[in-house]
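Protein chains in written order, with our numbering: chain A, 2 to 265; chain B, 591 to 909.
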């Protein structure tokens with residue numbers, strides 16, 4: 002019996018692991034189910050009936066479309082900024098050694114290591130001190146700040162696996178820096194860039210904790226969603242939007258996973 | 591057309607030489623190249639992020655004028671004095687700290703079997719399945735998950751229905767009538783909030799823990815068994831100490847995420863306030879940014895203390 006410990010898991014261990022996994026997916030299924038309920042005031046279970054009505058209602062709501070559009074624009078802008086800054090940082094830090102490098106690395110991770118509320122209130126303090134009006138660009142600035150590290154992590158992991166000799170060989174064969182980047186480095190890191198960009202996009206699209214501080218009067222989709230949580234009517238519409246949000250964030254995340262998964 | 595082509599031909603060698611020259615220049619003076627690369631991200635994080643953190647610290651040393659309700663930009667310790675002498679504020683800090691510790695412990699206990707199975711027993715295919723299975727809920731919209739729990743925990747919700755169906759509704763009744771953790775329904779009690787916190791941060795514990803467990807050498811476990819240790823002894827004496835760095839890394843996440851959260855306490859609400867809610871409310875309706883800033887310094891200090899304790903206990907030695 003002692004062999005069991007390294008030959009395989011006991012039934013109990015297996016059961017616990019699968020139960021845990023099921024527990025983690027259960028709430029998402031509930032959300033999807035309640036998007037089809039006919040009952041719009043309480044969260045009665047089981048739902049008295051199923052309908053597609055709420056998709057129709059949500060589709061016709063101008064405020065939802067406006068919020069969705071704003072969130073997509075913000076995410077696109079924040080991702081672009083994070084891609085630029087994160088890639089530069091990764092290229093700078095991948096092979097260099099200098100005094101203070103550890104502190105610098107810490108600076109890059111700090112925005113996601115500290116709780117979001119600290120980033121949020123810190124940005125707001127700065128906005129107030131600088132007499133800026135919170136709005137689209139302050140949201141983008143906040144999102145870009147914590148998205149940089151996502152891109153940075155993805156790109157630097159790939160660069161570490163890129164042999165330095167390839168770049169040297171390319172230069173020895175007469176290519177200049179731009180050509181080497183275009184034909185040697187870029188093809189190697191392209192999927193890492195794409196994966197980092199998509200994760201950053203998903204993170205920004207869904208962000209609420211920092212956004213509530215920096216948004217001013219703007220309403221991103223998560224803010225719309227948050228306000229809706231305290232409104233007792235037409236609740237299934239919130240679920241319809243939730244289903245859309247799940248779809249919009251999960252597709253890029255799954256793609257990012259397949260682009261960066263370790264190959265045998 | 592031809593003239594343009596020949597012009598391009600004459601320009602190209604020149605541009606090429608310039609390109610080569612620049613490449614050589616950057617290769618030789620790599621410090622210059624490094625600075626050029628680092629400047630934009632450094633400027634961004636240095637001004638936007640560090641600048642903001644500094645602004646936060648500065649604001650916390652300002653105070654609000656009680657009569658005009660405006661922030662007086664003069665350095666003072668008044669706001670911090672308010673923070674640590676008002677019993678209500680101290681309660682909020684202690685309540686948040688207690689919740690963070692409870693959530694961290696529960697996450698560690700629940701995450702262990704999952705991480706252990708996926709890291710040490712699962713076949714490669716099953717392992718990939720588990721990784722995706724843990725990552726997907728982690729990346730699913732934060733708000734959507736919080737909202738889902740409101741549906742699940744509601745009075746007529748699915749959990750109540752399920753417990754009644756299996757005849758366990760009495761257990762829920764007892765839990766809800768227990769002083770401190772109870773409340774009118776799970777959706778408005780500390781117990782409900784605790785469940786939601788544990789659910790939300792569980793993947794952040796599983797992933798580092800699984801990474802640490804994966805590095806436990808199989809030979810050590812075999813050696814332990816060969817030397818006559820029972821599986822239980824091997825677990826406490828070999829596996830757990832080696833998994834400690836992963837446990838520590840995961841607990842830093844669960845601890846700090848709980849300390850800073852304000853959405854969960856306001857959506858799945860018990861009557862008592864939490865640090866995050868206080869920060870949000872003070873900067874919003876109350877307009878007291880200095881107090882909000884001072885409150886947000888508390889989690890930073892608590893996390894720093896936690897990291898120091900973890901380090902002293904040797905949690906990072908094996909890294």
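Even for Gly, the Cβ is constructed at its ideal location relative to N, Cα and C.
A quick note: this is a predicted structure, and the numbers were derived from the prediction, not measured.
Beta-carbon of residue i versus every beta-carbon of chain A: anything under 9 Å?
| i | result |
| --- | --- |
| residue 909 of chain B | Low per-residue confidence applies at residue 909 of chain B: pLDDT is 46, beneath 50, and the placement is therefore not dependable enough to give any value. |
| residue 745 of chain B | yes |
| residue 722 of chain B | yes |
| residue 893 of chain B | yes |
| residue 610 of chain B | yes |
| residue 715 of chain B | no |
| residue 707 of chain B | yes |
| residue 682 of chain B | no |
| residue 679 of chain B | no |
| residue 635 of chain B | yes |
| residue 900 of chain B | no |
| residue 841 of chain B | no |
| residue 542 of chain B | Here chain B has residues from 591 to 909 only, and residue 542 of chain B is not among them. |
| residue 837 of chain B | no |
| residue 638 of chain B | yes |
| residue 826 of chain B | no |
| residue 740 of chain B | yes |
| residue 592 of chain B | Only weak support exists for where residue 592 of chain B lies, its pLDDT of 45 falling under 50; the coordinates are left without a value. |
Which partner residues of residue i appear in the DSSP bridge assignment?
| i | result |
| --- | --- |
| residue 661 of chain B | B:654 |
| residue 51 of chain A | A:38 |
Would you say residue i lies against chain B (beta-carbon separation less than 9 Å)?
| i | result |
| --- | --- |
| residue 14 of chain A | yes |
| residue 258 of chain A | yes |
| residue 178 of chain A | yes |
| residue 252 of chain A | no |
| residue 10 of chain A | yes |
| residue 24 of chain A | yes |
| residue 73 of chain A | no |
| residue 29 of chain A | yes |
| residue 58 of chain A | no |
| residue 159 of chain A | no |
| residue 226 of chain A | yes |
| residue 100 of chain A | no |
| residue 93 of chain A | yes |
| residue 261 of chain A | no |
| residue 181 of chain A | yes |
| residue 246 of chain A | yes |
Rounded to the nearest angstrom, how far is the Cβ of residue i from that of residue j, given a contact under 8 Å?
| i | j | result |
| --- | --- | --- |
| residue 669 of chain B | residue 653 of chain B | 5 Å |
| residue 39 of chain A | residue 47 of chain A | Their Cβ separation, rounded to whole angstroms, is 11 Å, which puts residue 39 of chain A and residue 47 of chain A out of contact at 8 Å. |
| residue 847 of chain B | residue 892 of chain B | About 12 Å; that fails the 8 Å criterion. |
| residue 122 of chain A | residue 869 of chain B | 6 Å |
| residue 795 of chain B | residue 843 of chain B | 7 Å |
| residue 29 of chain A | residue 247 of chain A | 7 Å |
| residue 649 of chain B | residue 879 of chain B | 5 Å |
| residue 224 of chain A | residue 216 of chain A | 6 Å |
| residue 736 of chain B | residue 786 of chain B | 7 Å |
| residue 806 of chain B | residue 788 of chain B | Their Cβ separation, rounded to whole angstroms, is 25 Å, which puts residue 806 of chain B and residue 788 of chain B out of contact at 8 Å. |
Taking residue i as the query, report the chain C residues whose CB atoms sit under 9 Å from its CB, ordered along the chain.
| i | result |
| --- | --- |
| residue 119 of chain A | The chain inventory of the structure shown lacks chain C, comprising the protein chains A and B. |
| request: Note down, one range per segment and in chain order, each alpha helix (DSSP H) of at least 4 residues found wholly within the region 175-204 of chain A. | output: Runs of the alpha helix (DSSP H) inside the region 175-204 of chain A: 178-181.
| In chain order, which continuous runs of the alpha helix (DSSP H) of length 4 or greater are located wholly inside the region 61-137 of chain A? | 63-94, 102-114 and 117-130
| query | Relative to chain A, which residues along the region 871-890 of chain B have a C-beta separation below 7 Å, given in chain order? | reply | 873, 879, 882, 883, 886, 889 and 890
| Which residue spans inside the region 215-243 of chain A form an unbroken alpha helix (DSSP H) run of at least 4? | 222-229
| query | Of the residues that make up the region 640-664 of chain B, which ones have a beta carbon closer than 9 Å to any beta carbon in chain A? | reply | For the region 640-664 of chain B, the beta-carbon criterion of a distance under 9 Å to any beta-carbon of chain A is satisfied by 640, 641, 642, 643, 644, 645, 646, 647, 648, 649, 650, 661 and 663.
| query | Listed from N- to C-terminal order along the chain, which residues in the region 802-824 of chain B have their beta-carbon within a distance smaller than 8 Å of any beta-carbon of chain A? | reply | 808, 811, 812, 815, 820, 821 and 824
| query | Going along the chain, which unbroken runs of the alpha helix (DSSP H) with 4 or more residues stay wholly within the region 714-757 of chain B? | reply | 714-729, 732-743 and 748-755
| query | Curious, which full-length alpha helix (DSSP H) runs of at least 4 residues does the region 614-643 of chain B contain? | reply | 620-634
| request: Could you list the residues in the region 722-738 of chain B with a C-beta less than 9 Å from some C-beta on chain A, going in chain order? | output: If the cut-off is 9 Å between Cβ atoms, the region 722-738 of chain B has 722, 723, 724, 725, 726, 727, 728, 729, 730, 731, 732, 733, 734, 735, 736, 737 and 738 near chain A.
| task | Can you give me, in chain order, the residues of the region 772-794 of chain B that have a beta carbon less than 8 Å from any beta carbon in chain A? | result | Listed by position, the residues of the region 772-794 of chain B near chain A (Cβ gap below 8 Å) are 789, 792 and 793.
| task | Residues of the region 124-148 of chain A with a CB closer than 7 Å to any CB of chain B: list them in chain order, please. | result | Flagged, chain order: 124, 125, 126, 127, 129, 130, 142 and 146.
| task | Output, in sequence order along the chain, the residues in the region 185-216 of chain A whose CB is closer than 9 Å to any CB in chain B. | result | 200, 203, 204, 206, 207, 208, 209, 210, 213 and 214
| Whole alpha helix (DSSP H) elements within the region 678-708 of chain B, 4-residue minimum | none
| Taking any Cβ of chain A, which residues in the region 618-631 of chain B have a Cβ under 7 Å from it, in chain order? | 624, 627, 628, 630 and 631
| said: Beta carbons nearer than 8 Å to chain B: which residues of the region 31-52 of chain A have them? | reply: 31, 32, 35, 43, 44, 45, 46 and 47
| request: Give the residues from the region 851-864 of chain B that approach chain A closer than 8 Å (Cβ to any Cβ), ordered along the chain. | output: The residues in question are 851, 852, 853 and 857.
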